[in-house]
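Below is one structure; the comments refer to it alone.
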Amino acid sequence: MNTAAAIDRFLASPSLSDTTRKAYAVDVREFGDWLAKRRIEVDDVDVRVLSDYTAELGKARPRKLAPTTIGRKLAAVRSFLRFTLGPARVPDASFAPRRPRRLPDAPPQREVETALDSFDGSDPLSIRNRALVELVYSAGLRSHEAVGLDLGDVDFEQEHVRVRGKGGKERVVPLGEEAAHCVARYLQDARPALVHGAQNALFVSARGRRLDTSTVRRVFAHPHRLRHAFATHLLEGGADLRTIQELLGHSSLSTTQVYSHVDGKRLRRIYDRAHPRS
């Protein structure tokens, strides 16, 4: 089978959107050129050929390709091979290099406190913004979780917040004293001036509608850093990873374990206190 013709048929497939077709074209034609230089036809592609191609992508060029770029190129090649040869001929083995795991960018506690103290206005939007940011930090919320809260999700008597996370999974998170004070103030002094009509959303916009995540980002440029701060500061305070996993709503402990790598100071304190030769 002629490789160039096979690539043309793949790229002309109606199953590809225009965006996908454009994204795949460069990567698949690059793979075709690589095969041609080695006088390999697409029919002859197997695990060894794919492994060699991956190694080629990983070699230093004018600049070394990032693991994410290599993974993207291999995804395009796999899609082409599945279309051309059938799924049974495409190896299941993963050849892309493992992406380096990014450590959470957690601001120190002093930075968070300074940021929170900057929301000191007395108008309805300023009061709302302080309550929103306090709650995101206090409960470790994702942006979409914060804007998805309804009035009944905050229980002042039981001192907790009911959160709907990814996949509709619910969890209950303690409501911190400072967050409870700010949310109560918002409900009494600010929300009535903002809301229009029957609206069940806890946080509403200047037009009286439920907030969206873009508004959260305007209020606080990188709200996910507050979630990282929530987890990191809990860990520094002595909380165990299992508890933090539950509070963050992670389905797997391995997702939470990344925070164990950012707490070197706490580990040092424990070592100095516990080890007889410290």
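Counting from 1, position 122 in the sequence shown corresponds to residue 121 in numbering that gives the first Met the number 0; the numbering is continuous, with no gaps.
We put the CB at the ideal spot given by N, CA and C, even for glycine.
Small disclaimer: the values here were computed from a predicted structure and weren't measured.
Nearest candidate by alpha-carbon position, reference residue i, set the options
i	options	result
alanine 289	Ala205, Gln157, Val218, Leu56	The first residue shown for the chain is 0 and the last is 277, placing residue 289 beyond what the model contains.
methionine 0	Leu84, Ser16, Ala24	Leu84
tyrosine 52	Lys63, Asp42, Ala65, Ile69	Ile69
lysine 21	Ser117, Leu10, Lys165	Leu10
leucine 80	Tyr23, Gln198, Ala205, Pro191	Tyr23
valine 46	Ala87, Gln198, Tyr185	Ala87
aspartate 278	Val27, Gly207, Asp17, Glu40	An answer regarding residue 278 cannot be provided, because it is not within the stretch 0 to 277 covered by the chain.
asparagine 128	Glu158, Val171, Arg224, Tyr185	Tyr185
tryptophan 33	Thr242, Leu49, Gln256	Leu49
glutamine 187	Val25, Asp42, Gly164, Leu150	Leu150
aspartate 211	Arg241, Gly164, Ser142	Ser142
valine 89	Glu235, Val41, Gly57	Val41
Rounded separation between residue i and residue j - CA only
i	j	result
arginine 226	alanine 35	50 angstroms
arginine 161	leucine 193	23 angstroms
alanine 5	histidine 232	55 angstroms
proline 173	threonine 67	37 angstroms
glutamine 108	alanine 74	41 angstroms
arginine 77	leucine 15	14 angstroms
alanine 183	phenylalanine 118	16 angstroms
glutamate 55	glycine 31	14 angstroms
isoleucine 39	alanine 3	12 angstroms
lysine 168	proline 275	45 angstroms
arginine 206	glutamate 245	35 angstroms
glutamate 29	lysine 72	9 angstroms
valine 25	valine 171	47 angstroms
serine 251	arginine 37	44 angstroms
serine 125	glutamine 256	35 angstroms
Residue i, DSSP secondary structure in three states
i	result
glutamate 40	coil
aspartate 122	coil
arginine 71	helix
histidine 195	coil
proline 106	coil
alanine 200	strand
valine 89	coil
glutamate 158	coil
aspartate 45	coil
proline 222	helix
valine 163	Sequence inspection shows arginine at residue 163; the valine mentioned does not correspond to that position. Note: arginine 163 maps to strand in three-state DSSP.
aspartate 149	strand
proline 173	strand
arginine 208	coil
leucine 140	coil
asparagine 128	helix
Integer Cβ distance of residue i from residue j, believed to fall under 8 angstroms
i	j	result
proline 123	alanine 189	4 angstroms
phenylalanine 202	leucine 131	6 angstroms
CB contact check: residue i to chain C, cutoff 8 angstroms
i	result
proline 275	The structure shown contains no chain C, having only a single protein chain.
Is it true that the region 123-135 meets the region 173-191, where meeting means three or more beta-carbon pairs spaced less than 8 angstroms apart?
yes
Is it a yes or a no for the region 142-158 touching the region 205-222, going by three-plus beta-carbon pairs under 8 angstroms?
yes
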